[in-house]
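Notes follow the structure.
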Amino acid sequence: MTPQIYFAATYVPFVALQGMSIVKGGKTGKTLRNVSYLFGLAAIFSYVMFIEKIL
1 MTPQIYFAAT YVPFVALQGM SIVKGGKTGK TLRNVSYLFG LAAIFSYVMF
51 IEKIL
């Protein structure tokens, strides 16, 4: 798969989980926030790979 697909597949869950963590709050919200950070890190990594491919 291309880096663009990896970025889309990781960024969308990051944003969705951040929104759900705000809505849920409490222990569930903290868990969702932590999982979203993992997707965020993966999104950053895939974006860097995408930029390297362009340059």
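With my numbering, letter number 35 in the sequence shown gets 35, and the count goes up by one each step, no holes. All residues carry an ideal CB built from backbone N, CA and C; glycine is no exception.
Grab me the residues of residue i's own chain with a C-beta within less than 6 Å of its C-beta, minus the 5 sequence neighbours each way, in chain order.
i   : result
S36 : F14, L17, Q18
Do the CB positions of residue i and residue j come within less than 8 Å of each other?
i   : j   : result
L32 : S46 : no
Go through its chain and collect everything with a Cβ distance to residue i's Cβ below 7 Å, but skip five positions before and after it.
i   : result
I51 : none
P3  : S46, M49, F50, K53
Y6  : S46
T10 : F39, A42, A43, S46
According to DSSP, is residue i helix, strand or coil?
i   : result
L38 : helix
T2  : coil
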